[in-house]
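Working notes for the structure below.
In my numbering, the protein residues as written are 4 to 186.
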């Protein structure tokens, strides 16, 4: 089993797609795809993102027909079973600019898997786990349409305020309160 992560964190509207190249039917299990949130202070040279597991609370992983959202298991996610993937099929991870995570198979959206994945200061990394019969894949599409400076500034300000916006609204200019969403 090999896990491959995106080389850079996802931000803004991001998409990452791989094509299944080689499968071995003598094994059970197949690809697992998802995202994991990593605190910035952990991103040092040589750092390896954690392998997804129930002990990785800020991860969303599609495996077979289940969606693992940290320690919560949602059964019956998606329109197909990932164990039915065939050579040539394409698996995708997409995060919209407003933080909605969805998975795709052959371009078909499987539904919203999570919302607000950009709501923390943590970095979002996509990954593909080659498990069981999944031997090799090839990246066929990868893009990141980064956030605007305006969006990044709003996110940073809200992170610094950490829920204290209502109590600080008396001392902040009204246009700033409206922009931040407290007015």
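All residues carry an ideal CB built from backbone N, CA and C; glycine is no exception. Keep in mind the model is a prediction, meaning the values are calculated, not measured.
One Cα belongs to residue 133, the other to residue 159, and the distance between them is close to 35 Å. Comparing C-alpha distances from residue 141 to each of 24, 10 and 5 shows the shortest one belongs to 24. In this structure, DSSP gives residue 13 an extended state, which the three-state scheme calls strand. The beta carbon of residue 130 sits closer than 8 Å to those of 6, 7, 8, 9, 36, 37, 38, 39, 52 and 55, all from its chain and outside the five residues before and after it, given in chain order. Between the segment 113-128 and the segment 66-82, the count of Cβ pairs shorter than 8 Å is three or higher; the stretches touch. Assignment of residue 82 by DSSP, reduced to helix, strand and coil, places it in the coil class. Relative to the Cα of residue 89, the nearest Cα in the group 71, 128 and 26 belongs to 26.
The residues 93, 95, 143 and 144, in chain order, have a CB closer than 6 Å to that of residue 20 in the same chain once the five nearest residues on each side in sequence are set aside. If you ignore the 5 residues before and after residue 42, its C-beta comes within less than 7 Å of the C-beta of 125, all in its own chain and listed in chain order. Under a 10 Å Cβ-count criterion, residue 91 is classified as exposed, with fewer than 16 other Cβ atoms of the shown protein chains found around its own Cβ.
Sequence-distant Cβ neighbours of residue 81 in its own chain, meaning closer than 6 Å and more than five residues away, are 113.
With a contact defined as Cβ atoms closer than 8 Å, residue 64 and residue 83 miss out at about 16 Å. Rounded to the nearest angstrom, the gap between the Cα atoms of residue 30 and residue 22 is 19 Å. According to DSSP, residue pairing for residue 37 in a beta bridge involves 64 and 130. For residue 97, the number of other beta carbons within 10 angstroms of its own is at least 16, and it is reported as buried.
Taking the Cα positions, residue 181 is about 42 Å away from residue 68. Your pair residue 136 and residue 33 checks out as a contact, with CB atoms roughly 5 Å apart and the cut at 8 Å. Straight through space, the alpha carbons of residue 148 and residue 73 are spaced by roughly 26 Å.
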